[in-house]
Amino acid sequence: MIHKIYELYKSFHDFLRLFPKSEKYSLGQKIENTILEILEFSLQAASASKQEKTALLKTTDIKLNLLKILIRLANEIKAIDNKKYLILQEKLQEIGKMIGGWMRYLN
C-alpha cells in the first residue's frame, strides 16, 4: 500500500506542474500535503500495535476521502483534465481497497 501511495504522489507531483498558478499554491498544495499525510499515517500504521493500527487506518481513510473530494474539485475547476483525474481516481480507489482490506483484517 505504501508503494501505491508513493506512486500516487509521483503522479500528482507531475500534474501539479501543470496546475494554473492561481490553484497551484492553494488547492494543489493542499492535495500534495494530504497525500503526504496519508503516506505518513500508513507508515505509522505499519509499525503500530493492533489497537493503534485501527485508529491510524481510520484517520488514513478519512484523509483519503478528503483527497478524493479535493481531486474531484480540482477536476471540476479545470485545474486538471479528465484524463489526469481518471488516472488519480484509479490510484485512489486501489489505495482505498487496500485500506479497507487492512481494516477488515484487523477486525
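When the letters of the sequence shown are read in order and numbered with the working numbering, they come out as residues 13 to 119. For each residue, glycine too, the CB sits at the ideal point set by N, CA and C.
### Task
Could you check what DSSP says for Asn77 in three-state terms: helix, strand or coil?
In the structure shown, Asn77 falls within a helical segment according to DSSP collapsed to helix, strand and coil.
### Query
Given that a residue counts as buried once 16 or more other Cβ atoms are within 10 Å of its Cβ, and exposed if not, what is Lys65?
buried
### Task
Find out if the Cβ-Cβ distance for the pair Ile107, Lys16 is shorter than 7 Å.
yes
### Task
Let me know the secondary structure DSSP gives Met13 once reduced to three states.
coil
### Task
Return the CA-CA distance between Lys95 and Ile89, expressed in angstroms with no decimal places.
14 Å
### Query
Cα separation between Leu55 and Lys33?
32 Å
### Query
Going by Cα to Cα distance, which pick from Leu51, Ala67, Thr72 and Leu28 is closest to Leu97?
In the sequence as presented, Leu is not what sits at residue 97; that position holds Tyr. Residue Leu28 is the option with its Cα nearest to Tyr97.
### Query
Smallest Cα separation from Phe24: which of Leu104, Glu52, Lys62 and Thr72?
Closest by alpha carbon: Leu104.
### Three-state class that DSSP yields for Glu30 in the structure shown
Here residue 30 turns out to be Leu, not Glu, going by the sequence shown. Coil at Leu30, not helix or strand.
### Message
The alpha helix (DSSP H) that contains Tyr117, what's its start and end?
### Response
Going by DSSP, Tyr117 is part of the alpha helix (DSSP H) stretching over Asn94 to Leu118.
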